[in-house]
Structure formats: C-alpha cells, structure tokens
Amino acid sequence: AQKVTQAQTEISVVEKEDVTLDCVYETRDTTYYLFWYKQPPSGELVFLIRRNSFDEQNEISGRYSWNFQKSTSSFNFTITASQVVDSAVYFCALTNSGSARQLTFGSGTQLTVLP
Amino acid sequence: DSGVTQTPKHLITATGQRVTLRCSPRSGDLSVYWYQQSLDQGLQFLIQYYNGEERAKGNILERFSAQQFPDLHSELNLSSLELGDSALYFCASSDSGRGADTQYFGPGTRLTVL
C-alpha cells in the first residue's frame, strides 16, 4: 500500500520569508512518481511538478524548489521569498507505474502568507 | 486553465436524489479519473477510465457509477444521495493513463446534499 504524509497541517509566514513544506511517502515499488499540486482558495487543483523515482536531481523553478531524497523517502517543497499569492493548500501525491494508476494524496498543508 | 472542463460548477440537491456530473478531458487525453474531496476523507480516488474502458477502481460506493463515452467525455452518476456525499468532485485527465502521466484536474463540481 502507498501512503503520503504531510505532517504540517497549517503554516503561517510573513511575506518574503522562505518556507518549506514537508512530504514523506511510503511505497514498495521501485518505480514511482511524486507530484505537488496547489489548491488556491478558488478551489481548483493546479499541477506544480512531477518527479520520477529514478531521477534524484533537485529542481528549481523560479521561487519554487523541490528536494527529493530517496534515502529518507521525502519530497520537500520550498518557496523562496513567499508572496501573498502563494497562500493555498499544497498537496503532495504519489503514484506508481503498475496497474494502480491513481494518485494517493497527502492530507495537504495550508500555507498562509501574511502581508 | 488545465483544459479539463467540468459541469456544473455547483449542485445543490436533496437526500435520496440522483445527480450526474460531467467531465470533458483535455484534447488528446484518453484517460479520465474521478476524485472526491471531503473534509473528513481528504482527496480520494474513485475510478479511472481509459478510452472508454474502466481501468481502476478506488473507494467508490455502489451508489456511484461512471462511464466514459466514445467522444471521451465522462459522467459520474451519484444516486440515493446522503448528507455525507456533500463534497468537491474532481475530474482529471492524462494522455495514456500510465503512472508516469501527469494528471491535470478540472475546476471541480461542488455538491451539496441537503
């Protein structure tokens, strides 16, 4: 069985602070895929990034960066110089390459960026 | 805009009723997924279709059913509705339905059962 844990339920920061959202996953598969999605107050789910289990390179996209560490089964997400528009619920998710193609989501982290 | 459309955006109905939620995938995507988001259960996978065929089933109640039509749009039917069925229902699509694919989500249908 697969499991994704986002231990931080809510985080509040002041604008321009850096913030890291934690994600720990469990899977027995050797090939799997990790995702981050953003759910702003408007409610839609917005895809942010996909990472394959065989690619441990960290990735940076503007103010966003992701740290994938297989040794600790973690896929953490850092926002640098946070902005009010970053306020949202962020979900980490996992799927594998087998017959079960559905996403297993974590419970989400509510990020509030205060002006 | 993900390219996935869902209608209606909001739906208010009464217990015992039946509703149909509709989803159109992104152009070219063959696979459609349905998820339910509720406060107590979080985001849960319901069912997946690929090119008209059911591919995977999750925590979908027997009162719920879905199908994918030849034009690849999908419908989720919810019957004998209960208060606990109130939730945000998402449809997602991906091109081939494999685990490597990225699933792009529609804006969701918010169902309220009174």
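Keeping their order, the protein sequence lines are chains A and B.
Number 1053 marks the last residue of the first sequence (the working numbering); no jumps.
Number 135 marks the last residue of the second sequence (the working numbering); no jumps.
All C-beta atoms in this analysis are idealised placements derived from N, C-alpha and C, irrespective of residue type, glycine included.
Suppose you measure from the CA of residue i to the CA of residue j; what does that come to, to the nearest Å?
i: R52/B; j: Y971/A; result: Before going further, note that residue 52/B is Ser rather than Arg in the sequence given. Using only the alpha carbons, I get a separation of about 17 Å.
i: L99/B; j: T41/B; result: 6 Å
i: D22/B; j: P128/B; result: 9 Å
i: K78/B; j: E955/A; result: 42 Å
i: Q65/B; j: F1043/A; result: 8 Å
i: S1025/A; j: R1001/A; result: 14 Å
i: L135/B; j: F992/A; result: 48 Å
i: L986/A; j: T26/B; result: 19 Å
i: Q124/B; j: T36/B; result: 32 Å
i: R910/A; j: P1053/A; result: This structure cannot settle anything about residue 910/A, because the visible part of chain A is limited to 939 through 1053.
i: L132/B; j: E96/B; result: 14 Å
i: K30/B; j: V1027/A; result: 20 Å
i: Q946/A; j: L1049/A; result: 9 Å
i: T28/B; j: P978/A; result: 20 Å
Identify the residues that DSSP records as bridge partners of residue i: which are they?
i: A1026/A; result: L1049/A
i: G63/B; result: S59/B
i: I949/A; result: L1049/A
i: T1018/A; result: None; T1018/A has no bridge partner.
i: A77/B; result: Q69/B
> Between the stretch 104 to 131 of chain B and chain A, which residues of the former have CB atoms less than 9 Å from a CB of the latter, in chain order?
Replying inline: L109, F111, A113, S115, G118, R119, G120, A121, D122, T123, Q124, Y125, F126, G127, P128, G129, R131
>> When you compare the stretch 949 to 964 of chain A with the stretch 1010 to 1026 of chain A, are there three or more beta-carbon pairs, one atom per stretch, that lie closer than 8 Å?
In response: yes
> Which of the residues in the stretch 982 to 999 of chain A, read from start to end, lie with their CB under 8 Å from any CB of chain B?
Replying inline: E982, L983, V984, F985, R988, N990
> If we count Cβ pairs, one from each stretch, closer than 8 Å, do we get three or more for the stretch 83 to 103 of chain B versus the stretch 30 to 41 of chain B?
Replying inline: yes
> Fully enclosed by the stretch 89 to 127 of chain B, which alpha helix (DSSP H) runs are 4 residues long or longer?
Replying inline: none
> Listed from N- to C-terminal order along the chain, which residues in the stretch 42 to 65 of chain B have their beta-carbon within a distance smaller than 9 Å of any beta-carbon of chain A?
Replying inline: S52, Y54, Y56, Q58, G63, L64, Q65
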